[in-house]
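Take a look at the structure set out below.
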Amino acid sequence: MSIIIQKFGGTSVADSEKILAAARRAIRAQSDGHQVVMVVSAMGKYTDRLIELARQITDDPPDREMDMLLSTGEQMSVALMAMAIHSLGRGAISLTGSQIGIITDSIHTKARIRSISTERVRQALDEGNIVIAAGFQGIDESANITTLGRGGSDTTAVALAAVLGAEACEIYTDVDGVYTTDPRVVPAARRVERISYDEMLELATAGAGVMHGRSIEFAKKFGVPIHVRSSSSDSPGTMIVREPETPDKAVCGVAMVKNEARVTVLGIPDRPGAAMSVFFRVAARNIALDMIVQNEAADGRTDLSFTVFSENLPGTLRAVEEAVKELGAEGYSCDENVSKISVVGLGMATRPGVAGMMFRTLAEKGINIDLITTSVIKISVVVAREFAQEALRAVHDTFELHVPPPVGDDRAALPVPAPIKPSGAELVARLQRMEKLIIEDIQLDRSQARVTFLGLPDSSGLAARTFDELAEAGVVVDMIVPSMGRGKRVDISLTVPREQLPQTLKAATELTAALGCPPPEHNPSVAKLSVLGVGMRSHAGVVARIFQSLADAGTNVEMISTSEVCVNVVVDGRDGQKALTALKTEFADAML
Ligand code: ADP
Ligand code: ASP
Ligand code: MG
Numbered sequence: 001m002s003i004i005i006q007k008f009g010g011t012s013v014a015d016s017e018k019i020l021a022a023a024r025r026a027i028r029a030q031s032d033g034h035q036v037v038m039v040v041s042a043m044g045k046y047t048d049r050l051i052e053l054a055r056q057i058t059d060d061p062p063d064r065e066m067d068m069l070l071s072t073g074e075q076m077s078v079a080l081m082a083m084a085i086h087s088l089g090r091g092a093i094s095l096t097g098s099q100i101g102i103i104t105d106s107i108h109t110k111a112r113i114r115s116i117s118t119e120r121v122r123q124a125l126d127e128g129n130i131v132i133a134a135g136f137q138g139i140d141e142s143a144n145i146t147t148l149g150r151g152g153s154d155t156t157a158v159a160l161a162a163v164l165g166a167e168a169c170e171i172y173t174d175v176d177g178v179y180t181t182d183p184r185v186v187p188a189a190r191r192v193e194r195i196s197y198d199e200m201l202e203l204a205t206a207g208a209g210v211m212h213g214r215s216i217e218f219a220k221k222f223g224v225p226i227h228v229r230s231s232s233s234d235s236p237g238t239m240i241v242r243e244p245e246t247p248d249k250a251v252c253g254v255a256m257v258k259n260e261a262r263v264t265v266l267g268i269p270d271r272p273g274a275a276m277s278v279f280f281r282v283a284a285r286n287i288a289l290d291m292i293v294q295n296e297a298a299d300g301r302t303d304l305s306f307t308v309f310s311e312n313l314p315g316t317l318r319a320v321e322e323a324v325k326e327l328g329a330e331g332y333s334c335d336e337n338v339s340k341i342s343v344v345g346l347g348m349a350t351r352p353g354v355a356g357m358m359f360r361t362l363a364e365k366g367i368n369i370d371l372i373t374t375s376v377i378k379i380s381v382v383v384a385r386e387f388a389q390e391a392l393r394a395v396h397d398t399f400e401l402h403v404p405p406p407v408g409d410d411r412a413a414l415p416v417p418a419p420i421k422p423s424g425a426e427l428v429a430r431l432q433r434m435e436k437l438i439i440e441d442i443q444l445d446r447s448q449a450r451v452t453f454l455g456l457p458d459s460s461g462l463a464a465r466t467f468d469e470l471a472e473a474g475v476v477v478d479m480i481v482p483s484m485g486r487g488k489r490v491d492i493s494l495t496v497p498r499e500q501l502p503q504t505l506k507a508a509t510e511l512t513a514a515l516g517c518p519p520p521e522h523n524p525s526v527a528k529l530s531v532l533g534v535g536m537r538s539h540a541g542v543v544a545r546i547f548q549s550l551a552d553a554g555t556n557v558e559m560i561s562t563s564e565v566c567v568n569v570v571v572d573g574r575d576g577q578k579a580l581t582a583l584k585t586e587f588a589d590a591m592l
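One point on numbering: in this note's numbering, the residue at position 357 of the sequence shown is 357, and numbering is uninterrupted.
In structure tokens:
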């Protein structure tokens, strides 16, 4: 019999009526002939209330005790849900994470799933029960209760769908699908019919709170189709699958992380691997660095900027202080009041000009960009928090995201294609790894050149002008890595196809001359290495391992850009093969 997973978020079980409505929905699915597993979150804002209670006792509660506390929210709601189903005349059993056999690592408050035993769930289903699983929780090998991180019930649901081979994984929430951006912030946002795993993964980690990012990692790994729907209506919702809604649209959505902090480590001695010490020390505290931008060396020293979620700032600064001492760096600075705005779309990989359009939009609003990072399908910028909402709206508008796919383009209405399931052996290999890091491929591209603008004035609109002029010269820019200069200057490094180097240099030289800046630097032959996988950013430490292995091989990193699904590093062309071998050796244990 086919299994269906139905996950209900906090607002969808906020009171007894909503619990009964959810129970009826599950019973309907059972009556349609499915075995049903419900995954339930804590009621309403109950988790927030528990966190607040802890805060009233102490500012720094032990993580283990936080997990003890937070897991009670879900324990309460699963019991109530089971009672609701009983009251409606069907069999049901509620199970905690530990009773289901969700084994995690021991990183309290953000544990990762290691394994799930399906025996008890299957038995309960075969006995005719609706199984009600507590979301967001598990136990570690010493039977300590763990939780998976805020919003983690989505991950419980998709993980259960994967191990049970479920036919569908339905996520019931308080919006009727995934929108082009948070509809509460931008009312013009449009619901999309479907979205690809890669796009959703990038959007989720860029701040689209509708799905827990790690749940999409699971979905992608195991080919689980996810159906995001409203718990209060029967509207069609959004399918998260392998294929995008419209493959040729450059941008599918925009997102914002409101509370980020930017940290810059100043004056790091420029020797291979020095920056690594910062990465390792932050990773050791289980904090994932977000945007990472490394400066070209000046006077034998480099600056390294990155962002972290605001809640991780205290731990990050402790790590940074240690690293500064160890390295003999000059110090650090930080800005606590920044936000990150990202645009995401599979189509941008093949369409030039997206970066320029985004920068132009912000420039026209007079909004200054502090940091930029790009990946193949995402461009993120850091702006002052006071301008973040305005920036989000403006960018949403520029890319006309409110406009549905053109009439006559009925791709969006096509039936959702079946997900591409991994083969039997591959699935077993993936199941054994559950939430472990998976590296799918490491690629070497030797067809590009690097051009670096030095000391551009850091004025609003300059990035836009630079990219406009390059676009006009017909240049297809691949990676863009600007670095926050000191004072009012920025350096911007780009990679372009080597055959376009002459026109790039021509346009760049004209621009720098007009601005009174030094002429651009370049490297006619660079090697770009792309490490592709799942969980690249959410596994703290991947970037540190990349830097370490390249430093050990005596290779200097000229540029780096990171995203959920890909880390790109640029090294000198002569080092390409050596770097490829070093990375393949480093990640041999994570390659499929
Ligand atoms: P649940 O409790 O059901 O897990 P969440 O609050 O975690 O619900 O997620 C739903 C919320 O996500 C919505 O209310 C909406 O404000 C927000 N959201 C952010 N970005 C998006 C987006 N791109 N599409 C839809 N909702 C979004
Ligand atoms: N109750 C948890 C939270 O509020 C988990 C979840 O809802 O997904 O974060
Ligand atoms: Mg949620």
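Backbone N, C-alpha and C fix where the C-beta goes; we use that ideal spot for every residue, glycine too. These figures come from a predicted structure and were not determined experimentally.
Proximity test, residue i beta-carbon vs the ligand ADP heavy atom, cut-off 7 Å
i    : result
G10  : yes
T181 : yes
A514 : no
R25  : no
G253 : yes
T147 : no
Residue burial classification, residue i (beta-carbon count within 10 angstroms, cutoff 16)
i    : result
T509 : exposed
P244 : buried
A355 : buried
P502 : exposed
K506 : exposed
S31  : exposed
A349 : exposed
M1   : exposed
E619 : Nothing about residue 619 can be reported from this structure: the residues present for the chain run from 1 to 592 only.
G253 : buried
G213 : buried
L401 : buried
Reference residue i; option with closest CA among the options
i    : options                : result
A464 : I560, A513, S231, T361 : T361
V526 : G516, S538, L494       : L494
E106 : E141, M76, S41         : It should be pointed out that residue 106 corresponds to Ser in this sequence rather than to Glu. Answer by Cα proximity: E141.
A23  : A143, S231, S305       : S231
D270 : Q577, E330, T11        : E330
A124 : I93, I116, R545, I102  : I93
G516 : E386, Q500, A111, F453 : F453
I379 : I240, V13, E199        : E199
I492 : A551, E499, V477       : V477
G366 : R318, G474, S375, E386 : E386
V475 : G353, L444, A551       : G353
I132 : V36, K221, F280        : V36
S549 : F399, V490, L95, G273  : G273
D572 : E564, N556, S563, T562 : N556
G73  : I103, P482, V13        : V13
V534 : L164, P405, K221       : K221
I195 : K325, M81, P405        : P405
A159 : E435, N312, S339       : E435
V570 : R433, V496, R114, H539 : V496
Check: residue i C-beta below 7 Å from any heavy atom of the ligand ASP
i    : result
R595 : Within the shown structure, residues of the chain are numbered from 1 to 592, placing residue 595 beyond reach of any answer.
G128 : no
F309 : no
S41  : yes
R207 : A small fix is needed here, since residue 207 is Gly in this sequence, not Arg. Because no heavy atom of the ligand ASP lies under 7 Å away, the Cβ of G207 does not count as near it: no.
F218 : no
K138 : The question names Lys, but residue 138 in the sequence shown is Gly. Incorrect: G138 has no Cβ contact closer than 7 Å to the ligand ASP.
G97  : no
Sub-8 Å separation of residue i and residue j beta-carbons
i    : j    : result
Q6   : Y197 : no
L529 : L592 : no
V224 : G177 : no
A261 : E321 : no
R190 : T180 : yes
Q294 : I560 : yes
K325 : V382 : no
L70  : L50  : yes
beta-carbon residue i near the ligand MG non-hydrogen atom, thresh 7 Å
i    : result
D154 : yes
H212 : yes
Should the region 447-462 be regarded as contacting the region 338-346, the criterion being three or more beta carbon pairs within less than 8 Å?
no
Segment contact flag, the region 107-126 with the region 61-71, C-beta cutoff 8 Å, min 3 pairs:
yes
Segment contact flag, the region 378-394 with the region 176-194, C-beta cutoff 8 Å, min 3 pairs:
yes
Would you be able to state if there are at least three C-beta pairs under 8 Å between the region 152-159 and the region 28-45?
yes
Using a Cβ distance threshold of 8 Å, determine whether the region 537-544 contacts the region 273-286, with at least three qualifying pairs required.
yes
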